[in-house]
Each structure stands twice: as C-alpha cells, then as structure tokens.
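Going by our numbering, the sequence shown runs without a break in its numbering and finishes at 547.
Using N, Cα and C, we set each Cβ at its ideal position, and we do this for glycine too.
All of these numbers come straight from a predicted model, not from anything done at the bench.
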Amino acid sequence: MQVSAIIPCHNSVELTRACIRSLVVQTAVTELEILVVDNASTDDTRNLAALHPAVRVISLPENRGFAAGVNTGLHAARFPLLLILNNDTQAAPNLLERLEAARRRHPGTGFVAPVSNHVKGEARVMIGSVGRDPIERAAIAQQLAAAHRDQVQDVRTLAGLCLLLHRDTWQRIGDLDERFGHGNFEDDDWCLRARLHGYRLLIVRDAFLHHEGHATFKALGLDLPTELRRRRAQFEARWRDDPAGAALLAEWRGDTVAAGMLAQQAARAWPCWPDADWLQAIAASNRGDHERASDYFRAFLQQCPHHGEAALRLGELDLRRQEPLAAVRAVLATLQREFVDASVATTTLARCGEQLQLRGREDAAFECLELATAISPDDGQAHNRLGVALLQAGRTDEAITALTRATALDFPLADTNLGICWFQRQDRARALTHFEAAVARLPDDPTARQNLERCRAAVAATPRLTFQTGNASS
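Following this line, the structure appears as structure tokens:
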C-alpha cells in the first residue's frame with residue numbers, strides 16, 4: 074500500500090508531531106510520504122522533516138487555509154492513495170490498513186473515513202479523550218475490530234477530518250474549493266461533488282482516529298459559530314442555483330416537499346446522484362405514497378447498500394402496506410446486519426410496535442418496543458411508548474414499571490400515563506399527583522391538562538371516566 078498523507082497546518086507543532094508519529098508506525102503500508110503543508114507557521118513546524126525520512130514540509134508564504142493546504146499537497150503527492158488529515162489527530166496503528174481494506178471491498182467508493190471521538194455526524198464515538206494515548210488507541214482499535222470487523226456504513230456526507238481516496242477520484246471531482254478559507258463546509262462541498270458523480274461515501278466502523286478538536290481555530294482566535302455561519306452562507310451561494318444543491322438546501326430547511334421536487338430535476342441534471350432517490354423517497358413517504366417511497370428507497374439502496382436508515386425505512390413502509398411480520402423480520406435483520414444510529418433504530422422499532430399493536434399483533438409489538446428500550450435504555454420516550462402499549466393491553470403493573478422508568482429519565486408526559494395507571498388501580502390520590510406533575514412540567518400540553526381536569530372531576534363526583542394516553546411531548 075502506497076500512501077501520500079497530506080497534513081495542512083498552521084502552528085501547533087506539537088500536535089502535528091504527534092500526528093506524524095502515529096502515521097509512521099502504520100501497519101500494512103509499504104511506502105509512505107507525509108506532506109506537511111505549512112500555512113506560514115511561526116513555530117518550529119518548518120523543521121518537522123527531521124522527524125522521519127517520510128516527512129516533507131511544503132512551506133507556503135501566507136496562511137491560505139485548509140482547502141488551499143490540501144490542494145497544495147494533492148498536487149505534490151506521488152502515490153495513488155491520498156490521505157487528507159487534520160494535524161490535531163492521532164491515528165490508531167491499523168487506521169490506513171482498515172480504511173484501504175474497506176475502500177477496496179466496496180466498488181464505487183469515493184471517500185472512506187474512520188470513526189472518531191470528535192467529529193460531526195454518525196462517525197462520532199462517545200469515548201472522550203482516552204485515544205490521545207498510543208496504548209489506548211491500540212486498545213480502541215482492538216475493541217472496534219471485535220465489535221465491527223469489516224463493517225461499513227453508507228452516508229451522504231463525511232467530515233474532512235480524515236478522508237482516504239484514490240487519485241482517480243480526486244482527478245474526477247477536482248480540488249477543494251479554496252473560497253472556504255480556514256475551513257468548514259469545504260468538506261460538504263467536496264462530498265456533494267463526489268455524490269453527484271455517483272461515488273459512495275463510507276464510514277469504516279473498525280477504523281479509529283483520535284481528534285483534539287478545532288485546534289487551528291483556537292490558535293487563530295476565530296469564533297467558531299461565526300465562522301460556521303459565514304461558510305454556510307458561502308456554501309448556499311455556491312449551490313442554490315444547481316437543482317441538486319437547491320434540493321439539499323431545502324432538506325436542510327426541513328422542506329421535504331421542495332427537496333423532493335428539486336430532486337426530480339436534479340436526477341435529470343445529475344443522473345448518477347444517489348441522493349435524488351433518497352430525497353424523493355422521504356417526500357413520497359411523508360405524503361403517504363408508500364409504494365413510490367418504497368421504489369425510491371430500493372433504488373437508493375442499490376447504490377448505497379449499507380445505508381441502515383434507508384433499509385429500516387423500507388421495512389417500516391412494508392409494515393404500513395399490511396405486511397407486518399415480514400416487515401418486522403426485515404427491520405430486525407437490518408439491525409443485526411448494518412450499523413444504525415441508536416436513535417434511528419429506537420424510533421423505527423417504536424413505530425413498528427405501534428403499527429403491530431393496531432393490527433392486534435400484541436406479542437410482536439411488545440418485542441419491538443422492548444427491543445427499542447434495550448437499544449436506548451436512557452431514552453425516556455422509548456420507555457413511555459412501551460408503557461402506553463402495556464397500559465392499553467391491560468397489563469397495568471408492567472406499564473407502571475415502564476412509565477416510572479420514563480419519568481426517571483425526564484420524559485414528563487409519562488406522568489400523565491402513570492396517572493391513568495394509578496386511577497385504574499383505584500389510587501386516586503396518587504393518580505392526581507402524577508396528573509398535576511405532568512401539567513406542571515407541560516402546562517401547554519392538551520392531553521396532560523385534559524387528564525388532570527378529568528381526574529379532579531372524578532375525585533369530586535366519582536363518575537366513570539376515560540383518559541387519553543400520551544406518547545409524544547408537545
């Protein structure tokens with residue numbers, strides 16, 4: 074494996090030195106060059122070439138930013154594999170081996186990226202700063218290999234923190250856009266261009282990179298929120314007149330109808346763009362056109378077969394099309410086979426459980442709802458959904474256990490459901506306490522308010538009353 078690693082930097086020489094040291098011990102690399110692109114540093118960065126024979130420092134006369142630094146390195150690189158890397162990172166010893174193995178296994182891949190402790194999107198793993206230590210990084214790599222060996226995740230964009238690509242990909246999509254200055258949104262722009270050419274973007278779940286986080290911005294004294302707003306405005310100006318870019322911007326605004334319509338136009342302008350199918354699938358699903366949504370999800374999965382959320386949504390649509398048990402089997406198979414964000418998996422299982430209960434498949438419904446709480450044990454809404462289902466099935470004692478857990482996890486609407494449980498158990502004082510607690514925390518929620526009023530009326534007049542369960546906090 075021949076790799077050219079490109080590390081743009083401005084000052085922070087100690088971080089860059091640590092980054093280099095983590096690269097020169099990489100496994101399975103036959104030839105390695107490390108191009109440190111020095112954006113006019115004032116510290117000892119210029120002397121890093123003495124650290125190892127693989128290191129070459131390219132000095133720029135002024136700080137031209139991340140994208141320009143990467144482009145300088147790309148044009149100077151000698152080898153077919155190109156690694157774009159932030160200087161405030163340290164790689165696990167098998168990082169390059171795992172990234173390249175995944176890229177080679179999956180045809181049509183443009184960029185591959187590792188998981189990290191400090192990165193946007195689904196590549197983030199919540200492990201704090203322990204990966205700063207080389208021994209800990211190696212241990213994390215072993216743990217990932219045990220849990221996610223050879224597992225990849227198709228995504229629609231990747232952070233530019235660490236990207237491995239082949240020279241052919243770069244030559245097809247072009248340089249990074251240097252108008253994005255010191256950084257932010259140049260990676261979104263590059264990823265969108267890669268997607269428009271039909272490339273897959275993969276998170277490699279058994280590859281790890283430690284990241285300190287925003288070191289350059291801190292060193293330059295830049296305000297990150299201000300920079301993000303500025304760069305987003307640049308991105309929007311760059312893409313708003315392109316149907317694919319306009320569709321993406323509509324999605325960012327939450328306008329799925331406009332996104333779906335623009336995606337139709339984009340599919341004609343950019344026939345290789347897989348995300349046109351995704352956006353049209355979401356729009357069709359939201360308007361209740363389940364047949365068409367299923368077709369779009371299937372088309373999207375043909376191009377991005379390891380996109381777990383798309384597979385889950387397809388299974389859920391099958392459930393809505395009166396195929397409950399087959400749909401649940403498909404959902405469970407996806408959860409076993411693909412990496413899926415816990416919140417997405419939990420929500421999907423909860424919706425499947427509710428649909429199954431409506432169809433009288435209570436045992437299967439409870440299995441889905443219980444699995445949702447097992448996947449996300451700290452999700453109060455998941456426990457509330459389970460509690461409501463148990464309550465509606467007449468399993469009041471079990472419902473109380475689930476709903477008590479939901480209130481402990483700070484899901485306030487569970488209090489109104491607990492009130493119903495205790496009212497059914499003839500403990501009206503305890504029921505009133507829970508109804509009052511729900512209204513105190515959710516004063517504008519109509520379900521909580523209505524249940525409290527009915528309970529007060531019952532305490533005063535003792536009529537036979539019914540209550541309305543609550544599943545989502547307003």
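Residue j beta carbon less than 8 Å from that of residue i
{"i": "Ser367", "j": "His284", "result": "no"}
{"i": "Pro187", "j": "Cys235", "result": "yes"}
{"i": "Leu491", "j": "Ile473", "result": "yes"}
{"i": "Leu172", "j": "Ile79", "result": "no"}
{"i": "Asp248", "j": "Asn144", "result": "yes"}
{"i": "Ile448", "j": "Ala400", "result": "no"}
{"i": "Gln497", "j": "Asn524", "result": "no"}
{"i": "Gln353", "j": "Gly327", "result": "no"}
{"i": "Gly318", "j": "Trp312", "result": "yes"}
{"i": "Arg268", "j": "Arg229", "result": "yes"}
{"i": "Leu108", "j": "Ala149", "result": "yes"}
{"i": "Phe308", "j": "Asp262", "result": "yes"}
{"i": "Gly204", "j": "Phe281", "result": "yes"}
{"i": "Ala320", "j": "Ala336", "result": "yes"}
{"i": "Cys92", "j": "Leu158", "result": "yes"}
{"i": "Arg432", "j": "Pro397", "result": "yes"}
Proximal residues to residue i (C-beta, below 6 Å), its chain only, five neighbours per side dropped
{"i": "Ser547", "result": "The pLDDT assigned to Ser547 is 40, lower than 50, so where the model puts this residue is not dependable; a value taken from the coordinates is nonetheless given after this. Excluding sequence neighbours, Ser547 sits near Asp518."}
{"i": "His221", "result": "Arg278, Asp279"}
{"i": "Gly286", "result": "His191"}
{"i": "Thr446", "result": "Ala455, His456, Leu459"}
{"i": "Leu550", "result": "Coverage of the chain is limited to positions 74 through 547, which leaves residue 550 absent and any answer about it impossible."}
{"i": "Ala218", "result": "Asp279"}
{"i": "Glu382", "result": "Val417"}
{"i": "Gly233", "result": "Asp260"}
{"i": "Gly181", "result": "Arg273"}
{"i": "Asp350", "result": "Tyr369, Ala372, Phe373"}
{"i": "Asp488", "result": "Thr480, His507, Ala510, Ala511"}
{"i": "Ala340", "result": "Ala349"}
For residue i, three-class secondary structure by DSSP
{"i": "Ser547", "result": "Below a pLDDT of 50, predicted positions are generally treated as unreliable, and Ser547, at 40, falls in that range; the measurement from the model is reported next regardless. Ser547 falls in the coil class under three-state DSSP."}
{"i": "Phe184", "result": "strand"}
{"i": "His363", "result": "helix"}
{"i": "Ala531", "result": "helix"}
{"i": "Phe412", "result": "coil"}
{"i": "Ile200", "result": "coil"}
{"i": "Asp451", "result": "coil"}
{"i": "Arg210", "result": "helix"}
{"i": "Asp391", "result": "helix"}
{"i": "Leu525", "result": "helix"}
{"i": "Val97", "result": "coil"}
{"i": "Arg305", "result": "helix"}
{"i": "Asp368", "result": "helix"}
{"i": "Cys264", "result": "helix"}
{"i": "Asn144", "result": "helix"}
{"i": "His221", "result": "helix"}
Other residues of its chain near residue i: CB distance less than 8 Å, five sequence neighbours each side excluded
{"i": "Glu135", "result": "Asn112, Ala113"}
{"i": "Met199", "result": "Asn190"}
{"i": "Leu463", "result": "Phe439, Thr469, Glu471, Ala472, Ala475"}
CA nearest to the CA of residue i, picked from the options
{"i": "Gln75", "options": "Val512, Thr489, Thr100, Gln307", "result": "Thr100"}
{"i": "Thr421", "options": "Ala438, Arg432, Leu525", "result": "Ala438"}
{"i": "His255", "options": "Leu491, Pro378, Phe139, His239", "result": "Phe139"}
{"i": "Asn120", "options": "Ala149, Thr145, Thr89", "result": "Thr89"}
{"i": "Arg394", "options": "Leu429, Pro347, Phe253", "result": "Leu429"}
{"i": "Glu411", "options": "Leu231, His270, Leu238, Leu275", "result": "Leu275"}
{"i": "Ile208", "options": "Thr469, Ala406, Ser95", "result": "Ser95"}
{"i": "Arg273", "options": "Ile93, Gly183, Asp483", "result": "Gly183"}
{"i": "Gln409", "options": "Glu435, His379, Ala336, Asp391", "result": "His379"}
{"i": "Ile131", "options": "Cys494, Cys82, Arg178, Ile355", "result": "Cys82"}
{"i": "Leu147", "options": "Ala212, Phe253, Leu405, Gln244", "result": "Gln244"}
{"i": "Leu374", "options": "Asp362, Trp346, Arg360", "result": "Trp346"}
{"i": "Arg240", "options": "Glu300, Leu463, Arg176", "result": "Arg176"}
{"i": "Ile246", "options": "Leu231, Gly271, Arg252, Gln226", "result": "Gly271"}
{"i": "Asp348", "options": "Asp362, Gly204, Gln376, Cys425", "result": "Gln376"}
{"i": "Thr115", "options": "Val97, Glu87, Leu108, Cys264", "result": "Glu87"}
{"i": "Glu440", "options": "Thr469, Thr407, Arg402", "result": "Arg402"}
{"i": "Leu168", "options": "Asp250, Val185, Ala384", "result": "Val185"}
Residues of its chain near residue i, where Cβ-Cβ distance is below 7 Å and the 5 sequence neighbours each way are ignored
{"i": "Gln338", "result": "Pro316"}
{"i": "Asn544", "result": "Asn457, Arg458, Val461"}
{"i": "Ala466", "result": "Glu435"}
{"i": "Ala141", "result": "Glu251"}
Bridge partners - residue i, DSSP secondary structure assignment
{"i": "Leu156", "result": "Ala78, Leu237"}
{"i": "Glu104", "result": "Gln75"}
{"i": "Ala164", "result": "Leu282"}
{"i": "Gln226", "result": "Ile276"}
{"i": "Ser189", "result": "Arg197, Leu282"}
{"i": "Leu133", "result": "Asn112"}
{"i": "Val128", "result": "Ile107"}
Neighbour flag for residue i against chain C, beta carbons, 8 Å
{"i": "Glu170", "result": "No chain C appears in this structure, which consists of one protein chain only."}
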